[in-house]
Amino acid sequence: MRYLYLLLVVLSASVLFYATLDFPQWGDPNSPASLHVSPVYLQRSLEDTSVPNVVTSVLADYRGYDTMFETTVIFTAGLACFVLLRVFAPKMKDTYYRHIQSGVVLHIKGQTTLLDGSRDFERIDSRWVPADIILKTISRFLIPFIQLFALYVVAHGHHSPGGGFQGGVILGASIILLSISFDLRTGLEKIHERGLGLFSATGVFIYTGIGALCLILGKEFLNYGVLSKILPVDPVMARSLGIFGVEVGVAITVMAVMVSIYNYVSSEGRLDEGL
Amino acid sequence: MNEIYSIRPLWVVLISLCAVPLIISTKRPNLRETWTILAGVLKLALVLSMLPDVLSGSSFSFNILTLFPGLPFRLRVDPMGLIFALVASFLWIVTSLYSIGYMRGLKEHSQSRYYAFFAIALSSTMGIAFAANLLTLYIFYEILSLSTFPLVTHHQDQEAKASGRKYLVYLLGTSIGLVLPSMIYLYMRFNGLDFRFGGFVPAGGANLPLNIACLLLVFGFAKVAIMPLHSWLPAAMVAPTPVSALLHAVAVVKAGAFSVVRTILFVFGEGFLEGSWARPTILFFASATVLIGSLVALYQRELKRLLAFSTIAQLSYIVLGAAMLTEHGVKGGILQLAMHAFGKITLFLGAGAIFVATGKKLVDQLEGLGRTMPFTFGAFFVGALSIIGIPPMGGFLAKWELLLGSCQSQYMGIMGVLLASSLLNVAYFIPLVYRAFFPSFPVEGKIREAPLFCLLPMLATALFTILLFFFPYPFAQLISGLWSQLLGG
Amino acid sequence: MDSILEFIVGRYNYWLYILLMMIGLYAMISKNNLTKKIVGMNIFQTAIILFYISIGFKKGGTIPILEHTSHAVEVSHFVNPLPHVLMLTAIVVSVSTFGVALALAIMIYREHGTLEEDEILKCLEQ
Amino acid sequence: MSGTMTYHFSVILVTFGLLLSFITYAMTWIKRSLCLPFAVLSIGFLSYCSFSLFILVIERGPFEYYLGGWPPPIGIAYYIDELNAFLSLLVYLVALINLLCNRERFLEKQGDRIGGTMALYILFITGLNGILLTADLFNLYVLLEIASLTGYALLAIGDKRQAPFASLNYVFLGTIGACFYLLGVGYLYIKTGSLNMQDVSRLITQIPKSPTILSGFIFILIGIWIKMGLFPFHIWLPRAYTNTFGPISSLIAPLGTKVMAYVIFRVILFVFGKEFSFEIYSLGHVATLFGVAAILYGAITALRQTDLRRMLCFVVITEIGYIVAGLGVGNINAIRGSLLHLLNDVAMTFCLFLSADHLIVNTGTKIEELKGVFQKTPFGSSIYVLASLSVIGIPPSPGFFGKWYLLQGSLEAQNFWVFGAILLSSLLNTVLFFRTFEEGYYHHTESPSYGPKKTSLSAYGGILASGLLVVLMGLLAHPIVGHIVDPFLLRARLP
């Protein structure tokens, strides 16, 4: 059987090699790929959209429609994890609470939500291991900076490498860091499952909504230029702003979905203690 | 000859279909059967209403849909179709009345389903009769196969299962495996499949693919039960007797025979068949079927199986008649289509009446029953005589024409086949009837007849068998009209 | 000889992606452990990303971020932005597929208590 | 204004699908009980859009839609013609009927997760629609992934023991398929520099015999073939479709594979072109080979199945075989036949899976458990019979017309392999379906308590609607060919 697999792999590889015979040299500036459409992007990006980062302008404007679906793909992944993994009825029979100041753990037989509101107690898992103090301190210290940087990456996508996806991922990572270094419940306290769900839908909604807004204003879908009708700017700047709006939407969705995928996967959908 | 564009043919087809929802939704048996009878009467009336015009040489036609380029779903009423429609729609009423007696007498289950599928089967029979091209005919032919399946397997037991399987394998297998490819080939070649008297295939019988296509069509319409594709018919005798009577003496098998006649006369025609080798092949197989079918019938112990083999033999008469391609042959074949229907249905109804009254199915058990059931056996006798072809029964006319036709044709051997078969018919029918009336043991003479609903339809068909000998007017007229069309066209 | 060498060296990025891709493909079809298969899937997808990105590269080109002042853009100075854009999408797709695959793997583990394919199949046959 | 608005329906169809699915999911966190009614309304609205779009295309002929206002090859374009507009209408109709029919069952099965499930449901059909309408090779890939990801997730709902594993297998194969497609697109891009279908097709004619283009062709084909479940790339299909939740199988089985089959036609006829595929490289032989193999394999393997839904999966494989074999024969009638069959198959397979699911709910998944089901639920069974007869190809059901053209085309091309395989498989399908009919039919009991499980009126309505769809497709076969399939073939410059 193993030989069959190897044969299959070799077969595919040989087709790949065969295809390569005809390829242009690596880095050849005169390859067809570099001559047909891409020069247009490089030449027109500034005058069309006033965005110096051509990757961003292609991403969110010339091929903005792809990117909308790309965001939807992310959203879908979060949705899929929700549908597949989320268990609404927890199977845990007993509940454990920890008194924060003293570290005493209360074991309560049967389900209870009696102490959930109390600030002195936190609900924990039976296999709970106290979070490390060094980890906690450092991450508490780092997370604001990470988040600030994330916002910068989102906002500065027009001028430097960055944009919604990258920023969103960094933002999500900061929250995941919180969940890892403390526990999942702490992360969920900062941003609840409901919030994540709504955020993930809102982000994509912003993207698609901006597109639909262009439609309502009488032009093609995602034709940001028409936004100048409602914004006090000229069509080129309107495109730039449109791109920015879209990037924000992307960032929100990516952040929310990243965190919720982590939440569902790490807790097998129970959203209890996590890793 | 003028064509009348009218929706009437469509109504003839649809009327029994419209009755189906009524039949299914009605819970009360009386009302349900009223719907059936009502639909039958309306259908017959509609068919009859077209008779005068068709007799005067017009034809009705109606386009329903276009199926393929140059190939509409089209109905057309010509004399030949009208003959078949007349026979089938008239006998449907008779059989429906009979069914009431039979089904109630035996307290059968699922009677609504029974009547509903019967109605669908009749609709498709009318469709076959009025089809204007091969594809339309094929469509109705398939619907007929499928709608009769629940009727054949009505008892839903192991025996019915085996027979139903055979029924479908033969009928669907041949129609998909043989008719469909042949039809597609013809369509590809001639860009249309419209029936035309004299055939749309041009003369020149040596063409190999066309010969094969012809044979595929003739054998593919396996409802005509030419050997070796006959064995579904005896198997289908597990059905309740009215089903056997109407479907396996009239609607289904005649639909097969009708399709074959259409194929021979209206698709390929004289010009092509004259020199082809397909024709002798057909004649050979049909003759063999006539002889073997009659011979096998001699050895049957079960009455309905005997009748089934007799049917197999008699159906091939029709094929023989059409394939002879002489005036009298064709006329005889088409007359046989009508006459055999009346004769055989009488026999089947008789068999059913015997079963309802006494529960007896085997030939041996009939001995002496003629004494207790004189009317039933009287009718049975009339039917048997008609099948044999003895005047003054309608069957005689058909045989007469067929014999005349065989004299005209170059195949004199067919005459021998026909005569030999008649003798065999005598051999299996006459002793049966004789022993029923003159048993070898004494029987007390108390008359115990079948229910009235069974008896009356049977007597009616027997009466018609005789009447048709004296007044074959509509049929004979239609057939001559058909023939003059050939000469005119 | 030189031309062959040049052919090989001049296209080394392609050889790399083929190698990477075949590693991924082999892992995907031959490994017994579902996690390994998922990892193989990821390698497989990454190889394609490498392929696309290398299409876009131009010798002497820099990242496609322009200056606001420059008017005439010398196209050959900037690498082709389109493959980057496409691959951003492909990366996202591969992350999402990875997420869904992990979710499915967790479901499988929950049900069968193992991620070894043969054990699962044995379990399913019963 | 209304005219331009209908013009925008092409994009509304897809993007509002997204918007509505986002809202459906968001409702999970606001008011869960509204998710399902909202989803039904959304799909209803989208069906309406799709219907208007179809009418527009029929009236005015095909048109392009530039997204973001950028003309292709710079931007992404939609290309809407009669065929994909009609297919998209079918997709929405199927989704709508299926959802209406199975509302209660979804709610019962998914409970609090219903919002997410409905969002996936809408996203799935939206993805399929995007695939149908787009004229951009890469956009097609992204939408393919949306349809696939939602498909993986939806298929994993169902039998807990089997479904996730089957779905994960599908993930692996589906990813290989999608990646092969992506790689193929990359090859085309490296040689042409464009992603727009029309543009690529223009540029390819200038470099006819390039190994790269050929490899791209091969990879794209294999990628799509994996996705559409063509033998021998079908291995994911039976397991995935068998073990999933019934209403999901009746959504995905008819739609997923057929839309991918459409992509094959789109790519071969409109990107690579007839000359490239059939004359320079002999796609005809390869496709015939695969098609005939799929037909025979599907028809024969189906006979061996004991599980009803699994049996139907092999029927799907056979149907895919018809479509590919028709493409392989390559003359106008055969391709007409396979496109018509593709359209009809959406309706037929849907009706088949939906009614079979109804039977399964009433009895069990095994064929032998069907005993007496015809008596138990005569209505559902009769629709099942209707759909099966259509698959067998009894006239005047839709299945017959597709087969007719396929047979005619293969006869004209004197391709007796395809001709024979289609006839044989029709006969085998007859045996196959009558085996299930026999189980359902020959078991008569007199007991009055022998009724179907409680089924809501809307479920019966849905099954009836699916049956009507089949009947309608059969009756309208000629106009469909004349107004939908033939213009498509004309533009593909097939004689």
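Sequence order for the protein chains is A, B, C and D. Reminder that position 112 of the first sequence reads as 104 in the working numbering, one-by-one numbering, no gaps. Reminder that position 160 of the second sequence reads as 539 in the working numbering, one-by-one numbering, no gaps. Reminder that position 72 of the third sequence reads as 81 in the working numbering, one-by-one numbering, no gaps. Reminder that position 378 of the fourth sequence reads as 398 in the working numbering, one-by-one numbering, no gaps. Think of the CB as a built atom: it goes at the ideal place given N, C-alpha and C, for glycine as much as any other residue.
Query	Result
Contact criterion: CB-CB distance below 8 Å. Does Leu427 of chain D meet it with respect to chain A?	no
Roughly how far, in whole angstroms, is the beta-carbon of Leu530 of chain B from the beta-carbon of Leu626 of chain B, given that I think they are within contact range, below 8 Å?	7 Å
Output the residue ranges of the alpha helix (DSSP H) runs that lie fully inside the segment 141 to 205 of chain A and measure 4 residues or longer, sorted by chain position.	156 to 173, 176 to 182
What do you get for Lys329 of chain D, buried or exposed, if any count of 16 or more other CB atoms within 10 angstroms of its CB means buried?	Sequence inspection shows Arg at residue 329 of chain D; the Lys mentioned does not correspond to that position. The residue in question, Arg329 of chain D, is buried, as its Cβ has 16 or more Cβ neighbours within 10 Å.
Note down, in chain order, each residue of its chain lying with its Cβ closer than 7 Å to the Cβ of Ser22 of chain D, except the 5 sequence neighbours on either side.	Since pLDDT at Ser22 of chain D reaches only 45, below the 50 mark, its modelled position is unreliable, and the value read off the structure follows with that caveat. Same-chain partners within the cutoff: there are none.
With C-beta atoms as the reference, is Ala46 of chain D less than 8 Å away from Ala193 of chain A?	yes
I'd like to know if Trp424 of chain D contacts chain E, where contact means its C-beta is closer than 8 Å to some C-beta of that chain.	Among the protein chains in the structure shown, which are A, B, C and D, there is no chain E.
Going residue by residue through the segment 90 to 167 of chain D, where are the continuous beta strand (DSSP E) segments of at least 3 residues, counting only ones entirely within it?	97 to 100
So if DSSP puts Asn22 of chain C in a beta bridge, which residue, or which two residues, is it bridged to?	None, per the DSSP bridge assignment.
Got a sec: does the ligand ZN put a non-hydrogen atom nearer than 7 Å to the Cβ of His28 of chain A?	Within the structure as shown, the ligand ZN is missing, as the structure has no ligands at all.
Look at Ser542 of chain B and Val617 of chain B and say whether their C-beta atoms are less than 8 Å apart.	yes
How about Leu140 of chain A and Gly159 of chain A: are their beta carbons less than 8 Å apart?	no
In the DSSP assignment, what are the bridge partners of Ser438 of chain B?	B:Glu382
Taking 8 Å as the cut-off, does the segment 337 to 356 of chain D touch the segment 311 to 318 of chain D (at least 3 CB pairs, one atom from each stretch)?	yes
Using a Cβ cut-off of 9 Å, pull out every chain A residue sitting near Lys129 of chain D, in sequence order please.	Result: empty, since nearest Cβ-Cβ is about 11 Å, beyond 9 Å.
Return the chain-ordered list of same chain residues with a C-beta closer than 6 Å to the C-beta of Leu43 of chain C, the five sequence neighbours on each side being excluded.	Ala114, Leu124
Return the residue from the list A:Phe74, A:Leu207, A:Tyr(-3) that minimises the CA-CA distance to Gly261 of chain A.	A:Phe74
What is the rounded straight-line gap between the Cα of Ser502 of chain B and the Cα of Ala624 of chain B?	17 Å
Quick one: what's got a C-beta closer than 7 Å to Val599 of chain B's C-beta in the same chain, skipping five residues either side?	In the sequence under discussion, the amino acid at residue 599 of chain B is Gly, which differs from the Val named in the question. Here the set comprises Thr553, Ser554, Leu557, Val558, Ser561.
At a CB distance below 9 Å, what residues from the segment 5 to 22 of chain A approach chain D? Give them in sequence order.	Val7, Leu8, Tyr10, Ala11, Thr12, Leu13, Asp14, Phe15, Pro16
Please go through the same chain and pick out, in chain order, the residues whose beta-carbon is closer than 8 Å to the beta-carbon of Leu900 of chain B, but skip the five residues on each side of it.	Residue 900 of chain B cannot be examined here, being either before or after the span of chain B that is shown, 380 to 868.
Measure the Cβ-Cβ separation of Arg658 of chain B and Phe574 of chain B and say whether it is below 8 Å.	no
By how many angstroms is the C-alpha of Val31 of chain D removed from the C-alpha of Ile177 of chain D?	30 Å
Closer than 9 Å by beta-carbon distance: list the chain B residues that pair up with Leu443 of chain D, in chain order.	Ile555, Gly556, Leu559, Pro560
Here's the rule I'm using: 16 or more other beta-carbon atoms within 10 Å means buried, otherwise exposed. How should Arg259 of chain D be labelled?	buried
Quickly, what does DSSP pair Asn216 of chain D with across the bridge? List them, please.	D:Asp156
Are the beta-carbon atoms of Ala736 of chain B and Leu838 of chain B separated by less than 8 Å?	no
Can you tell me whether Ser41 of chain D is buried or exposed? The criterion is at least 16 other CB atoms within 10 Å of its CB, across all chains shown.	buried
Let me know if Tyr21 of chain C comes out buried or exposed under the rule of 16 or more other beta-carbons within 10 Å of its beta-carbon.	exposed
Please classify His99 of chain A as buried or exposed, where buried requires at least 16 other C-beta atoms within 10 Å of its C-beta.	exposed
Considering only residues of the segment 526 to 588 of chain B, which uninterrupted alpha helix (DSSP H) runs meet the minimum length of 4 residues and lie entirely inside it, listed in chain order?	537 to 553, 559 to 569
According to DSSP, is Ala601 of chain B part of a helix, a strand, or is it coil?	helix
Once the 5 residues before and after Pro8 of chain D are set aside, which same chain residues still bring their CB inside 8 Å of it?	Summary: the structure shown does not reach residue 8 of chain D, with chain D confined to residues 21 through 515, and so no result is reported for it.
Is Arg133 of chain D close to chain A, meaning its C-beta is less than 8 Å from at least one C-beta of that chain?	yes
For chain C, check one thing: does any of its Cβ atoms lie closer than 8 Å to the Cβ of Cys206 of chain A?	no
Taking C-alpha atoms, which residue in D:Leu215, D:Tyr190, D:Leu39, D:Ser445 lies nearest to Gly195 of chain A?	D:Leu39
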